[in-house]
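Peer 1: Chains A and B, in that order, give the protein sequences.
Be aware that the first sequence starts at 1, since it is given in my numbering, and climbs by one per residue.
Be aware that the second sequence starts at 1, since it is given in my numbering, and climbs by one per residue.
Think of the CB as a built atom: it goes at the ideal place given N, C-alpha and C, for glycine as much as any other residue.
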Amino acid sequence: MLSWPKPPGDARLSACHFCDTLHRFSPVEEGISARCVRCGGLLYENRAASLTRASAFSLAALLLMVLVHTFPFLIMDAASMRRNLTLTGAASALMHQDAPLLGASIILFTVVTPLMLAGGMIYVCLPLLFGRAAPGANFAAKWMYRSEPWNMVEVFLLGVLVSLLKLVKVADVHFGIGFWAFAGVMLCMAAALAGIDREELWDRLEVAKP
Amino acid sequence: MKQPIIKASDHGLAGCHTCGKVSPVELGRCPRCGTQLHLRKPDSIESTIALMAAAAALYIPSHLLPVMTVVEIGVVTPSTIIGGMMTFWRSGAYPIALVIFAASILIPLLKIASLSWLCAAAGGWVHPSPAALGRIYWFTELLGRWSMIDIFVVGILVSLLQLGNYMAITPGPGALAFAGVVVLTMFAAMRFDPRLLWDRLDQMSAAAPPHPTIPES
Ligand SMILES: [Zn+2]
Ligand SMILES: [Zn+2]
Chain A
1 MLSWPKPPGD
11 ARLSACHFCD
21 TLHRFSPVEE
31 GISARCVRCG
41 GLLYENRAAS
51 LTRASAFSLA
61 ALLLMVLVHT
71 FPFLIMDAAS
81 MRRNLTLTGA
91 ASALMHQDAP
101 LLGASIILFT
111 VVTPLMLAGG
121 MIYVCLPLLF
131 GRAAPGANFA
141 AKWMYRSEPW
151 NMVEVFLLGV
161 LVSLLKLVKV
171 ADVHFGIGFW
181 AFAGVMLCMA
191 AALAGIDREE
201 LWDRLEVAKP
Chain B
1 MKQPIIKASD
11 HGLAGCHTCG
21 KVSPVELGRC
31 PRCGTQLHLR
41 KPDSIESTIA
51 LMAAAAALYI
61 PSHLLPVMTV
71 VEIGVVTPST
81 IIGGMMTFWR
91 SGAYPIALVI
101 FAASILIPLL
111 KIASLSWLCA
121 AAGGWVHPSP
131 AALGRIYWFT
141 ELLGRWSMID
151 IFVVGILVSL
161 LQLGNYMAIT
171 PGPGALAFAG
181 VVVLTMFAAM
191 RFDPRLLWDR
201 LDQMSAAAPP
211 HPTIPES
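This is the structure we're talking about:
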């Protein structure tokens with residue numbers, strides 16, 4: 001099944017990102033990827049049900065983010081005090097302890113970037129399901145892909161686990177809903193990003209009606 | 001090979017960094033997404049080396065300075081990344097100690113080493129073997145982010161362990177230095193252009209006719 005529209009025009013070319021080898025674009029069946037003849041790098045891949053998957057998983061990630069910011073990651077009881085861990089709580093604690101840059105980096109890599117990724121994905125892909133491009137969709141798609149390397153959801157989750165092992169010695173700690181919701185965000189975002197090829201998303205944007 | 005290898009840059013064509021569309025470079029900007037078009041990332045090697053040198057310089061203070069200070073019943077204990085790792089190791093938590101060792105000590109060093117090697121190969125000081133080097137490049141891009149784990153641990157502990165007079169944790173200057181190492185190595189990896197390795201290889205095989213064939217994949 002070929003559901004990937006190619007924009008009209010004479011030059012349908014594709015250049016490898018690793019070695020710059022020029023390829024004539026040839027459509028591939030769903031589930032098949034095209035690789036560079038020289039270095040074997042991935043050129044593009046026709047993913048099955050790409051728009052539906054990208055929209056559904058990014059919507060799920062956005063909904064889970066509401067839970068992430070409502071419930072704590074860890075709940076700790078120590079010295080007759082109960083303390084909760086949230087993303088914004090960790091960031092503001094650092095800001096109050098004279099480390100504003102570290103606090104900002106937590107906000108940037110675990111709150112802003114995932115929001116840009118999931119939000120950008122749904123903003124671009126949902127209208128595309130109906131063959132339309134949302135206003136400013138090009139801008140949204142551009143910044144979505146730019147933010148991708150700075151998304152550190154999974155790194156923060158591992159950080160929570162390491163902290164937990166440090167804390168069990170001094171206090172009574174257990175997981176909150178926020179932790180599991182954030183793990184869900186990680187899985188949904190990975191599925192959304194793997195759901196649609198970058199090349200396909202831009203081709204669909206180019207042929208879509210504004 | 002059925003057909004000769006043609007590079008986009010040989011025809012003055014540039015693949016867009018953002019959307020992948022191949023357009024003539026004299027357009028200046030990508031007609032599809034508006035990103036600036038370049039045949040190769042401008043000043044790629046120079047800026048990679050500069051960012052990497054800054055990261056390497058910060059790496060030393062990031063391990064010498066405390067990442068956090070623990071105040072427990074009036075006793076002040078500064079803690080470095082290596083110190084925290086040793087505590088886990090001595091208490092028998094070997095997997096966690098190894099995770100910290102890999103994320104905080106090994107990965108930044110490996111990134112700096114592999115980027116230096118990539119720059120040396122792209123600059124023609126060592127022989128480029130793009131297939132192997134390409135894998136190294138991909139690997140450094142993939143692993144770099146994991147070093148942030150220590151910064152997140154500091155943030156989590158500072159946030160949770162504010163127990164009044166009993167125990168309090170404050171972030172130390174080592175944490176900021178270490179965050180700087182991670183961000184700088186990430187920028188350095190992004191600035192590097194792997195296509196330069198293939199350019200160098202083509203240049204070398206053109207200069208040395210005994211090896212005219214392109215290796216089959
Ligand atoms: Zn290639
Ligand atoms: Zn473009």
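Between A:Arg12, A:Thr113, A:Met144, which lies nearest to Cys125 (chain A) when the distance is taken from Cα to Cα?
Peer 2: If we check each option's Cα against that of Cys125 (chain A), A:Met144 comes out closest.
Peer 1: Nearest to Pro72 (chain A) by CA position, among B:Ile156, B:Met190, B:Pro173, B:Leu201, is which residue?
Peer 2: The shortest C-alpha separation from Pro72 (chain A) is found at B:Ile156.
Peer 1: Ignoring anything shorter than 3 residues, give me the beta strand (DSSP E) runs that lie fully in the stretch 145 to 188 of chain B, in order along the chain.
Peer 2: DSSP runs (the beta strand (DSSP E)) wholly in the stretch 145 to 188 of chain B: 167 to 171.
Peer 1: Helix, strand or coil: how does DSSP classify Met1 (chain B) here?
Peer 2: Bear in mind that the predicted position of Met1 (chain B) carries a pLDDT of just 43, short of 50, making it too unreliable to give a figure here.
Peer 1: With a threshold of 7 Å, establish whether the CB of Phe249 (chain A) neighbours any heavy atom of ligand 1.
Peer 2: Past the boundaries of the shown model lies residue 249 (chain A); chain A is included only from 1 to 210, so the question cannot be answered.
Peer 1: Per DSSP, what are the beta-bridge partners of Glu206 (chain A) in this structure?
Peer 2: In DSSP, Glu206 (chain A) forms no bridge with anything.
Peer 1: Beta-carbon separation of Leu27 (chain B) and Leu184 (chain B) under 8 Å?
Peer 2: Their beta carbons are not under 8 Å apart, which means Leu27 (chain B) does not touch Leu184 (chain B) by this criterion.
Peer 1: Could you have a look at Gly178 (chain A) and say whether DSSP puts it in helix, strand or coil?
Peer 2: It is helical.
Peer 1: Look at the alpha carbon of Pro95 (chain B) and the alpha carbon of Ala102 (chain B), and state the distance between them as a whole number of angstroms.
Peer 2: Their Cα atoms are separated by approximately 10 Å.
Peer 1: In terms of alpha-carbon separation, which member of A:Val160, A:Pro135, A:Ala99 lies closest to Trp180 (chain A)?
Peer 2: With distances taken between Cα atoms, Trp180 (chain A) lies closest to A:Val160.
Peer 1: Secondary structure at Asp98 (chain A), three-state DSSP: helix, strand or coil?
Peer 2: Coil at Asp98 (chain A), not helix or strand.
Peer 1: How would you call Phe57 (chain A), buried or exposed, if buried means at least 16 neighbouring beta carbons within 10 angstroms?
Peer 2: Per the 10 Å Cβ criterion, buried.
Peer 1: Quick one: is Leu13 (chain A) near chain B, going by C-beta distance under 8 Å?
Peer 2: Yes, Leu13 (chain A) counts as interfacial toward chain B.
Peer 1: For Ser79 (chain B), list the residues DSSP reports as bridge partners.
Peer 2: Answer is B:Met68, bridged to Ser79 (chain B).
Peer 1: Taking 7 Å as the cut-off, is the beta-carbon of Arg12 (chain A) closer than that to any non-hydrogen atom of ligand 2?
Peer 2: Arg12 (chain A): no, Cβ never under 7 Å from ligand 2.
Peer 1: Runs of 3 residues minimum, wholly inside the stretch 23 to 87 of chain A: which ones carry the beta strand (DSSP E) assignment?
Peer 2: If we require 3 residues or more, the beta strand (DSSP E) runs fully inside the stretch 23 to 87 of chain A come out as 33 to 35, 42 to 45, 74 to 78, 81 to 85.
Peer 1: I want to verify the contact list: residues of chain B whose CB lies under 7 Å from the CB of Tyr145 (chain A), in sequence order.
Peer 2: Neighbours of Tyr145 (chain A) on chain B, chain order: Thr18.
Peer 1: Hey, is Arg198 (chain A) close to ligand 1, as in C-beta under 7 Å from one of its heavy atoms?
Peer 2: No - ligand 1 has no heavy atom lying nearer than 7 Å to the Cβ of Arg198 (chain A).
Peer 1: Would the stretch 40 to 50 of chain A and the stretch 4 to 21 of chain A be scored as touching if the rule is three or more Cβ pairs under 8 Å?
Peer 2: With the cut-off at 8 Å, the stretch 40 to 50 of chain A and the stretch 4 to 21 of chain A touch.
Peer 1: Quick one: any contact between the stretch 112 to 121 of chain B and the stretch 80 to 92 of chain B, if contact means 3 or more CB pairs under 8 Å?
Peer 2: Not touching, per the Cβ criterion.
Peer 1: How about Ile81 (chain B) and Gly174 (chain B): do their beta carbons lie closer than 8 Å?
Peer 2: Going by C-beta atoms, Ile81 (chain B) is nearer than 8 Å to Gly174 (chain B).
Peer 1: Since Ser9 (chain B) meets chain A, which of its residues come closer than 8 Å, beta carbon to beta carbon?
Peer 2: In chain order: Asp20.
Peer 1: Under 7 Å: does the beta carbon of Arg146 (chain A) sit that close to some heavy atom of ligand 2?
Peer 2: No.
Peer 1: When DSSP labels each residue in this structure, what does Gly131 (chain A) get in the three-state scheme?
Peer 2: Looking at Gly131 (chain A) - three-state DSSP - the assignment turns out to be coil, as it is neither helix nor strand.
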